[in-house]
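In the numbering used here, the protein residues as written are 121 to 374. Report on one structure; see the data block that follows.
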């Protein structure tokens with residue numbers, strides 16, 4: 121619990137620093153305006169957690185904490201124990217009615233204190249390195265954790281903290297299936313429409329297009345004939361004014 125107490129104390133100190141800065145009369149209006157924010161600038165998460173722990177009254181012993189956990193109404197309501205990770209893992213391993221939630225935090229290594237300058241320091245370091253190289257520590261861990269005779273074989277329970285289950289997102293799949301069904305119905309209607317109804321419309325549109333194309337060609341042909349006649353008349357008029365006629369060619373005879 122020392123971790124939460126220290127974190128709450130640090131948040132309190134930051135709050136005091138911010139308050140002293142914002143209420144400092146020696147600051148100019150511009151500097152004071154920079155400290156004026158709508159949101160609370162200092163986090164108070166650990167302060168609230170430490171306050172809740174004090175109100176719940178901290179247990180004096182590990183057995184008392186375990187008993188309070190077992191007396192809780194459910195896994196989501198009641199008392200939760202925060203303690204050493206090794207103790208909690210051992211309790212979960214030997215009791216099927218307990219479970220460990222979340223990951224470890226605030227890790228601190230174990231150390232052996234000796235007098236400064238003592239030769240025991242090198243002897244301890246060499247012994248620990250020797251155990252690591254010979255994999256003795258891994259064998260001890262395997263013996264006391266995985267092969268421990270006190271280990272209970274408990275029924276596997278779904279971990280509710282892993283994420284969203286299939287039951288929570290079932291509505292999403294229902295919406296997807298409904299959308300697929302509507303798409304299939306729409307596709308079938310379009311297929312029926314273009315196969316049985318649309319050909320008549322296409323035939324009518326094609327006939328109308330052919331008529332428009334024929335009218336356009338006839339109009340162009342009529343304009344072309346009119347231009348030929350006008351050019352011929354203009355050509356004959358020019359030669360008539362000079363008193364002579366142009367030679368008659370095969371083109372005019374035709």
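Glycine included, every Cβ here is placed at the ideal spot set by N, Cα and C. These figures come from a predicted structure and were not determined experimentally.
- The shortest C-alpha to C-alpha distance from residue 172 to any of 201, 140, 212, 225 is the one to 201.
- A distance below 8 Å separates the beta carbons of residue 131 and residue 166.
- Per the C-alpha coordinates, the member of 164, 138, 315 positioned closest to residue 124 is 164.
- For residue 208, the number of other beta carbons within 10 angstroms of its own is at least 16, and it is reported as buried.
- In the DSSP assignment, residue 234 falls outside any alpha helix (DSSP H) and carries neither an H nor an E.
- With a cutoff of 8 Å on beta-carbon distance, residue 155 and residue 169 are scored as not near each other.
- Residues 179, 201 of the same chain have their beta carbon placed closer than 6 Å to that of residue 185, with the five preceding and five following residues left out of the count.
- Shown here, residue 221 sits in coil according to DSSP, grouped into three states, outside any helix or strand.
- In the three-state reduction of the DSSP assignment, residue 132 falls in the helix class, which pools H, G and I.
- Going by C-alpha positions, residue 240 is about 12 Å away from residue 248.
- Just so you know, the alpha carbons of residue 149 and residue 162 end up roughly 22 Å apart.
- When only Cα atoms are considered, residue 274 and residue 268 end up about 14 Å apart.
- Measuring C-alpha to C-alpha distances from residue 175 to each of 189, 152, 264, 199 identifies 199 as the nearest.
- Cβ atoms of residue 214 and residue 272 come within 8 Å of each other, at about 6 Å.
- Around the beta-carbon of residue 298, fewer than 16 other beta-carbon atoms lie within 10 Å, marking it exposed.
- The beta carbon of residue 234 lies closer than 6 Å to those of 240, 241 in the same chain, with the five residues before and after it left out.
- For residue 213, the enclosing alpha helix (DSSP H) has its first and last residue at 205–214.
- Spatial neighbours of residue 218 in its own chain (CB-CB distance under 6 Å, excluding positions within 5 residues in sequence) are listed in chain order as 211, 212.
- Distance from the CA atom of residue 292 to the CA atom of residue 216, rounded to whole angstroms, is 35 Å.
- Inclusion of residue 257 and residue 251 in the CB contact set at 8 Å is warranted, their separation being smaller than that value.
- Residue 308 and residue 222 have their alpha carbons spaced roughly 52 Å apart.
- In the three-state DSSP reduction, residue 181 falls in the coil class, being neither helix nor strand.
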